[in-house]
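Engineer: Numbered by the numbering used here, the letters in the sequence shown go through residues 677 to 973 in order. No residue lacks a Cβ here, since even glycine has one placed at the ideal position from N, Cα and C. Every value quoted in this text rests on a predicted model; they were computed, and no experiment measured them.
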Amino acid sequence: MESPFKVDILKGKVALLTGGGSGIGFEIATQFGKHGASVTIMGRRKHVLDSAVAALQSHGIRAVGFEGDVRKREDAIRVLESTVSHFGRLDILVNNAAGNFLVNAEDLSPNGFRTVIDIDSVGTFTMCHEALKYLKKGGPGRGPASGGTILNISATLHYTASWYQIHVSAAKAAVDSITRSLALEWGTDYGIRVNGIAPGPIEDTVGARKLAPDEITIKARDYKPLYKMGEKWDIAMAALYLASDAGKYINGTTLVVDGGDWLNQPRQMPKEAVKELSRVVEKRSREAPVGVAKSKI
Ligand code: HXC
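1. With 16 as the cutoff for other CB atoms within 10 Å, does Asp-684 come out buried or exposed?
2. Are three or more beta carbon pairs between the stretch 939-958 and the stretch 921-931 nearer than 8 Å?
3. What residues match up with Leu-827 in a beta bridge as DSSP calls it?
4. Which whole-angstrom value is the C-beta distance of Ser-830 and Gly-872, which I expect to be below 8 Å?
5. Following a CB-centred definition, is Gly-788 positioned closer than 7 Å to any heavy atom of the ligand HXC?
6. Compare the C-alpha of Ser-727 against each of Phe-702, Arg-747 and Tyr-840 and name the closest.
7. Got a sec? Which residues, its chain only, sit under 7 Å from Leu-732 by beta carbon, not counting five neighbours each side?
8. Put Met-913 into one of helix, strand or coil per three-state DSSP.
9. Determine the extent of the alpha helix (DSSP H) in which Val-882 is found, giving its start and end residues.
10. So, helix, strand or coil for Met-905, using DSSP?
11. Roughly how many whole angstroms lie between the Cα atoms of Ser-857 and Glu-879?
12. Taking the alpha carbon of Ile-700 as the point to measure from, which residue in Leu-833, Ala-774 and Lys-959 has its own alpha carbon closest?
13. Under three-state DSSP, which class holds Ile-753?
14. Which residue wins for smallest C-alpha separation from Lys-722, given the options Gly-695, His-735 and Lys-748?
15. Could you compute how far the alpha carbon of Pro-965 sits from the alpha carbon of His-834?
16. Run through DSSP, which three-state label would Ile-685 get?
17. Around the C-beta of Ala-837, are 16 or more other C-beta atoms found within 10 angstroms, so that it is buried, or is it exposed?
18. Is Val-760 near the ligand HXC, with its Cβ less than 7 Å from a heavy atom?
19. Who are the Cβ neighbours of Phe-789 in its own chain at under 8 Å, not counting the five residues just before and after it?
20. Which residues does DSSP pair with Met-718 in a beta bridge?
21. With respect to 7 Å, is the separation between the Cβ of Thr-802 and the closest non-hydrogen atom of the ligand HXC below this value?
22. Please tell me whether, using a cut-off of 7 Å, the distance from the CB of Leu-784 to the nearest non-hydrogen atom of the ligand HEM is below it.
23. Going by alpha carbons, who is nearest to Asn-772 out of Ser-785, Thr-864 and Leu-827?
24. Please state the DSSP three-state secondary structure of Leu-931.
25. Using only alpha-carbon positions, find the residue among Arg-962, Asp-910 and Asn-787 that is nearest to Glu-874.
26. Please go through the same chain and pick out, in chain order, the residues whose beta-carbon is closer than 8 Å to the beta-carbon of Ile-753, but skip the five residues on each side of it.
27. I'd like to know whether the C-beta atoms of Gly-876 and Asp-937 end up nearer to each other than 8 Å.
28. Please list, in chain order, all residues of the same chain as Gly-823 whose beta carbon is under 6 Å from its beta carbon, the five residues on each side excluded.
29. In the DSSP assignment, what are the bridge partners of Ile-878?
30. Please report how far the alpha carbon of Val-724 lies from the alpha carbon of Asn-780, in whole angstroms.
31. Indicate, with yes or no, if the ligand HXC has a heavy atom lying under 7 Å from the CB of Lys-886.
32. Out of curiosity, what's the CA-to-CA distance linking His-762 and Ser-785?
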């Protein structure tokens, strides 16, 4: 789909995306690039990065890939340094790298729990922490109150509770908390905006393959708003909105992009039945209002 945004809304900006070699991260990198940004993608697998960079460059996007694991502080430092020495600055950090697998809480080892916290929560903080010195300077021609911006890719599963994802729920709750705390501290001190995006189920992603097998999503058809999977494009458009000047007054928000999916509730009764029942209940309550003594009727 064509983007509704002007093609130059990120002109001159430099973005670094963790987990940018595939899935949602790659789509955000592509759309940022198509809207004028130069992009660095960071990931653990060289062959994935190489083909992603080639694909980005084939669109005329200035792109480079650096290997690194967000769990390693030295990798974070190196990739940030390499980005700034390659492109001269950093304006946008997207913390997209994440880990996930379905598991019963009772079968999850503390190390399995820690692994996802390390990638999602500690990794996000590490990247933010090491990026600060670049983001707070803003860039050439920018005012003192205009630092860079951070986007943290989150989820909605911790808004209520989620089966078989205790580790990810905890990790993403921490990510949202990091988003708000940094929005407060760094928004105030450096004019850096920090926001998040919470995607719903997005087709053609590792997350969807791991977490939403067909038999589960088909069963939910009856009570899911806009019943359909989202597209990576939907997340990339939200990222463009938040990272560009369109979002210049948005700070500390995690934007849910899920078609209302997290609001789902099993339907209590069919629509026609509720009309019938409602009328009967109203009639009964008019005849004998609850809590009113018989003598007063
Ligand atoms: C139980 C498991 C497990 C599983 C790993 N572990 N997989 N436990 N069930 N299926 C445990 C291991 O036994 C080990 O604990 C610990 O986790 C670390 O496992 P490793 O394999 O050594 O970790 P590592 O190689 O670093 O791999 C990390 C990973 C992996 C998270 C396990 O899946 C990964 O690299 N994922 C990155 C890609 C990814 O998943 N992307 C999806 C993002 S989707 P012990 O105790 O044995 O040592 C997403 C959506 C979120 O984030 C929102 C959803 C709504």
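Structural biologist: In this structure, then:
1. Asp-684 comes out exposed.
2. Contact annotation: the stretch 939-958 does not touch the stretch 921-931, with fewer than three C-beta pairs closer than 8 Å.
3. Leu-827 pairs with Val-770 and Asn-871.
4. That pair is a contact at about 5 Å.
5. Remark: the C-beta of Gly-788 is in contact range of the ligand HXC, defined as less than 7 Å to any heavy atom.
6. That would be Phe-702, whose Cα lies nearest to the Cα of Ser-727.
7. Excluding positions up to five away in sequence, the list reads Ala-705, Thr-706, Gly-709, Val-715 and Ala-739.
8. Under the three-state reduction of DSSP output, Met-913 falls in the helix class.
9. Judged by DSSP secondary structure, Val-882 falls within the alpha helix (DSSP H) whose first and last residues are 882-887.
10. Here Met-905 sits in coil by DSSP.
11. If you take the alpha carbons of Ser-857 and Glu-879, they lie about 31 Å apart.
12. The residue with the shortest Cα to Cα distance from Ile-700 is Ala-774.
13. Correct three-state label for Ile-753: helix.
14. Here the closest residue by C-alpha is Gly-695.
15. When rounded, the separation of the alpha-carbon atoms in Pro-965 and His-834 is 41 Å.
16. In the three-state scheme derived from DSSP, where H, G and I count as helix and E and B as strand, Ile-685 is classed as coil.
17. By the Cβ-count criterion, Ala-837 is exposed, with fewer than 16 other Cβ atoms from all chains shown falling within 10 Å of its own Cβ.
18. Remark: the C-beta of Val-760 is outside contact range of the ligand HXC, defined as less than 7 Å to any heavy atom.
19. The residues are Ile-842, His-843 and Ala-846.
20. Residue pairing from DSSP places Met-718 in a beta bridge opposite Thr-694 and Phe-742.
21. False, no ligand heavy atom lies under 7 Å from that Cβ.
22. Absent from the structure shown: the ligand HEM. Ligands present: the ligand HXC.
23. Cα-wise, what sits closest to Asn-772 is Leu-827.
24. DSSP places Leu-931 within a strand segment (E or B) once states are collapsed to three.
25. The identity of residue 874 in the sequence shown is Ala, whereas the question assumes Glu. Comparing Cα-Cα distances from Ala-874 to each of Arg-962, Asp-910 and Asn-787, the minimum goes to Asp-910.
26. Around Ile-753: Glu-806.
27. The answer is yes: Cβ separation under 8 Å.
28. Here Gly-823 has Leu-811, Lys-812, Gly-814, Tyr-866, Gly-867 and Ile-868 as same chain residues with Cβ atoms under 6 Å from its own Cβ, once five neighbours each way along the sequence are excluded.
29. Note: Ile-878 sits in a beta bridge opposite Gly-906.
30. The alpha-carbon separation between Val-724 and Asn-780 amounts to approximately 30 Å.
31. At least one heavy atom of the ligand HXC is nearer than 7 Å to the Cβ of Lys-886, so yes.
32. Rounded to whole angstroms, His-762 to Ser-785 spans 41 Å at the Cα level.
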